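Numbering (mature numbering (1 follows the signal peptide of the UniProt record, and there is no 0)), first residue to last: -19 to -1, 1 to 128.
C-beta atoms are modelled at their ideal positions from N, C-alpha and C, and glycine is treated no differently.
Treat the numbers as computed from the prediction; the structure is a model and nothing was measured.
Read the structure below first, then the notes.
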């Protein structure tokens, strides 16, 4: 009886150990990606916020070329020309044009004026009690009643 149990247990262990050795077949993955090719450009010139910038980019396969520019807070223009491909990676060339001009302050600080300190006069008033003051009359003992 015990021999049959041990045999069944051993057979199960061998089956589990060999289950990981089964060959795995992967289905071939079909590539449905189209050839990457695009181009775009845009520009912003917002007089309300003062935001001025532009960008253009062209991609043909694995090669990307582009340029963007923006107006810095000091008034100069920063332009970045970049290229990216699978051989050289990402490369950017940054140039600045125009003169950095810091605007004059629009407001001047007001002079600090200290107002004179006027203290309230000290008035001595009599102390007011929150309860009325009555003279203490005392209590008389009530007579004891005997029945």
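- Nearest to residue 77 by C-alpha distance, out of 15, 71, 52, is 52.
- Distance between residue 22 and residue 34, taken at the CA atoms: about 11 Å.
- Looking at the DSSP output, residue 53 sits in no beta bridge, so it has no partner there.
- Taking 9 Å as the cut-off, the Cβ atoms of residue 16 and residue 47 do not count as close.
- Following the DSSP letters along the chain, one finds residue 24 inside the beta strand (DSSP E) bounded by residues 18 to 27.
- Beta-bridge analysis with DSSP links residue 43 to no other residue.
- Across the structure, residue 54 and residue 62 are spaced so that their CA atoms are roughly 20 Å apart.
- With respect to the 9 Å criterion, residue 66 and residue 44 are classified as neighbours on the basis of their beta carbons.
- Here residue 72 has 63, 64, 65 as same chain residues with Cβ atoms under 8 Å from its own Cβ, once five neighbours each way along the sequence are excluded.
- For the options 97, 56, 25, 100, the alpha carbon positioned closest to that of residue 82 is the one of 56.
- In terms of Cβ geometry, residue 36 and residue 19 do not form a close pair [threshold 9 Å].
- Remark: C-beta atoms of residue 60 and residue 39 do not approach each other more closely than 9 Å.
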